[in-house]
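In this note's numbering, the protein residues as written are 49 to 213. Glycine residues also receive a C-beta, built at the ideal position from the N, C-alpha and C atoms. Small disclaimer: the values here were computed from a predicted structure and weren't measured.
Set out below in structure tokens:
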């Protein structure tokens with residue numbers, strides 16, 4: 049990877065971590081629904097998916113989850129695994145939605161947000177060995193659409209700005 053690209057991706061990774069840390073300062077609905085977040089760091093992931101490639105978007109997403117594990121949630125904690133599972137399923141589904149559909153970046157973001165919720169719940173069921181976690185899924189999915197729209201709108205603005213510059 050060339051130095052300029054590495055530098056840009058490193059800065060984008062730092063921005064995604066800062067967005068994640070800022071988001072952690074203000075729990076969405078005061079933490080009443082476990083796993084519910086705005087997903088601001090995904091603005092960066094979507095931008096990288098559209099401006100670079102799946103490889104770089106996956107790299108940014110995984111590195112962010114690992115670094116956030118070190119910084120705040122605890123590396124290899126249960127929350128870390130929820131986050132990693134959601135992030136991996138989300139990036140895979142966003143890539144597929146981008147590749148095989150004609151959805152806008154906002155639509156792709158909604159797919160990513162919904163997939164992240166499914167990924168978290170799937171990991172929770174596997175780790176905790178109980179299906180009671182499915183109780184949270186409707187609530188997570190309910191909020192996935194507006195948060196996916198918001199992340200998609202910000203990502204769309206970024207992508208268009210950098211296409212025109």
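Which of helix, strand or coil does DSSP assign to residue 85? coil
Residue 139 and residue 109 - do their beta-carbons sit closer together than 7 Å? Against a cut-off of 7 Å, the Cβ pair of residue 139 and residue 109 comes out as a contact.
Extent of the continuous alpha helix (DSSP H) run through residue 180: First-last for residue 180: undefined, no H or E at that position.
Indicate whether the contact test is met: 3 or more Cβ pairs, each with one atom in the segment 125–141 and one in the segment 97–114, closer than 8 Å. A contact between stretches requires three or more CB pairs, one per stretch, nearer than 8 Å, and the segment 125–141 meets this requirement with the segment 97–114.
Sorted by chain position, which residues of the same chain lie with C-beta nearer than 6 Å to residue 121's C-beta, five sequence neighbours on each side aside? Taken in chain order, the residues that qualify are 127, 128.
Does the separation of the CB atoms of residue 92 and residue 63 fall below 7 Å? yes
Do you know how far the Cα of residue 205 is from the Cα of residue 161? 18 Å
Expressed to the nearest angstrom, what Euclidean distance is found between the alpha-carbon atoms of residue 212 and residue 172? 42 Å
Would you call residue 85 buried or exposed, if buried means 16 or more other Cβ atoms sit within 10 Å of its Cβ? Buried, since its Cβ has 16 or more Cβ neighbours within 10 Å.
Helix, strand or coil: how does DSSP classify residue 151 here? coil
Would you mind working out which of 136, 124, 60, 165 sits nearest residue 95, comparing C-alpha positions? If we check each option's Cα against that of residue 95, 60 comes out closest.
Does DSSP put residue 162 in a helix, in a strand, or in coil? helix
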